[in-house]
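Residue numbers (our numbering): 59 to 471.
Glycine residues also receive a C-beta, built at the ideal position from the N, C-alpha and C atoms.
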């Protein structure tokens with residue numbers, strides 16, 4: 059059985075907005091969500107900037123007594139899921155809840171809780187840590203809380219594949235609906251890793267930008283790029299069997315038409331410089347979606363602002379698209395949000411779908427100094443109106459994970 063898979067609801071909280079409307083307004087205006095870290099004192103650490111979620115009223119979504127049982131990454135996921143379900147117009151009372159599932163991704167899970175409870179244990183004794191320490195910290199709990207909130211009794215899973223986590227989540231949810239194993243699936247991911255230990259770990263790895271200028275920190279494909287900027291947030295998509303969505307008169311943002319996943323099997327953190335498996339992943343996605351190189355209008359690139367990722371990703375795109383690469387529009391919205399690790403792909407999927415529906419190509423802000431190794435049209439600084447029929451979203455992660463998703467705009471009658 060192979061069925062069409064529609065996207066009927068979107069929810070998002072991220073550094074450039076806490077709703078689809080706010081986020082798309084930021085994308086249109088090329089707004090940078092990167093700023094000095096406010097979550098903790100950075101005076102003893104090298105990295106001073108991050109893409110923090112701003113002005114999110116969590117108690118508008120979650121009762122404070124329940125929120126205390128959740129790490130921030132779970133709160134972000136649940137806020138986004140509540141938005142997405144509301145946007146979809148679904149009433150789960152009218153659905154078979156065993157045919158409704160949740161698949162969410164996260165790269166690190168409840169790292170803030172782990173750090174806080176380590177300090178508490180050292181001070182008061184480890185038998186006196188918060189009784190909710192474990193259910194707050196474990197990585198599957200965002201999916202668990204979303205399923206609990208809506209009473210969904212179908213598949214409930216968490217994908218963990220570093221910065222490709224939520225791309226894998228969306229891809230696996232797509233397959234469940236496509237293959238008839240679920241009718242509806244809430245999918246996406248969340249991350250809340252703007253913490254001293256997380257930032258310190260990536261700093262020690264020499265992966266983060268040390269720039270203190272928000273306009274020159276997350277600058278994908280720019281010759282002066284020198285590392286990524288940590289971001290945080292969450293995004294959730296409602297996937298639904300296409301005819302089911304049509305019968306209930308749902309608004310359809312678009313369809314997921316392809317999903318590819320490969321592994322470099324090359325290095326624990328560095329991408330394969332030949333980009334062979336990244337290119338293979340893109341090809342697999344396009345083959346499943348029935349796309350030729352000329353059919354793809356836009357790619358939301360992984361584009362982290364690290365030297366190796368951006369040059370390798372460019373190489374992979376050129377290997378797949380050949381001469382058609384010269385006509386592609388490619389951008390990295392991480393230039394605005396920073397890199398949200400396990401949440402990145404979900405946020406980028408939401409932005410891609412909104413951009414397709416609106417017919418607007420998002421910019422790569424801050425891209426000022428061309429790099430000969432990165433020679434595609436990255437839509438520098440300013441986005442513009444342009445029809446997007448088919449789009450790809452690419453995600454790569456530590457461990458050699460490569461994931462690509464294909465989206466098709468819904469044709470309005």
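Below 8 Å on the Cβ atoms is my contact criterion, and I expect residue i with residue j to pass it. Report the Cβ-Cβ distance as a whole number of Å.
i           : j           : result
residue 366 : residue 464 : Wrong, their Cβ atoms sit about 25 Å apart, outside the cutoff.
residue 289 : residue 395 : 5 Å
residue 74  : residue 91  : 4 Å
residue 236 : residue 243 : No, residue 236 and residue 243 are not in contact; Cβ-Cβ is about 10 Å, not under 8 Å.
residue 319 : residue 246 : Incorrect: roughly 17 Å between the Cβ atoms, too far for contact.
residue 201 : residue 215 : 6 Å
residue 308 : residue 301 : In fact, because the Cβ distance is near 11 Å, the residues do not count as touching under 8 Å.
residue 156 : residue 211 : 5 Å
Just to confirm the assignment, what range does the beta strand (DSSP E) spanning residue i have?
i           : result
residue 387 : 387-389
residue 137 : Unbroken run through residue 137 is the alpha helix (DSSP H), 130-146; no beta strand (DSSP E).
residue 462 : 459-467
residue 317 : 312-321
residue 98  : Note, residue 98: premise wrong, no beta strand (DSSP E); not H, not E.
residue 214 : 214-217
residue 53  : The shown model of the chain, from 59 to 471, leaves out residue 53, and the question about it has no answer.
With respect to the alpha helix (DSSP H) encompassing residue i, which residues constitute its N-terminal and C-terminal limits?
i           : result
residue 203 : 199-208
residue 84  : 78-86
residue 125 : 122-125
Would you check if the distance between the CB atom of residue i and the CB atom of residue j is smaller than 8 Å?
i           : j           : result
residue 241 : residue 153 : yes
residue 322 : residue 388 : no
residue 173 : residue 250 : no
residue 158 : residue 343 : no
residue 127 : residue 191 : no
residue 222 : residue 454 : yes
residue 199 : residue 132 : yes
residue 220 : residue 364 : no
residue 390 : residue 347 : no
residue 248 : residue 401 : yes
residue 450 : residue 357 : yes
For residue i, is the classification buried or exposed, using 16 other Cβ atoms within 10 angstroms of its Cβ as the cut-off for buried?
i           : result
residue 224 : buried
residue 98  : exposed
residue 121 : exposed
residue 327 : exposed
residue 118 : exposed
residue 430 : exposed
residue 268 : exposed
Compare the C-beta of residue i with all C-beta atoms of chain B and state if any pair is closer than 8 Å.
i           : result
residue 259 : Looking at the structure shown, chain B is missing, and only one protein chain is on hand.
Check: Pairing CB atoms from the region 276-284 with CB atoms from the region 190-198, are three or more of them under 8 Å?
Finding: no
Checklist line | At least 3 beta-carbon pairs within less than 8 Å: the region 401-421 vs the region 66-73 | finding: Contact between the region 401-421 and the region 66-73 is present, with at least three C-beta pairs closer than 8 Å.
Next item on the list: Check whether the region 259-278 touches the region 338-355, taking contact to mean three or more Cβ pairs, one atom from each stretch, closer than 8 Å.
Entry: no
Check: So, do the region 428-443 and the region 95-109 have three or more beta carbon pairs nearer to each other than 8 Å?
Finding: no
Note to self: Under 8 Å: do the region 397-408 and the region 287-301 share three or more Cβ pairs, one atom per stretch?
What the structure shows: Taking a contact to require three or more Cβ pairs closer than 8 Å, the region 397-408 and the region 287-301 qualify as touching.
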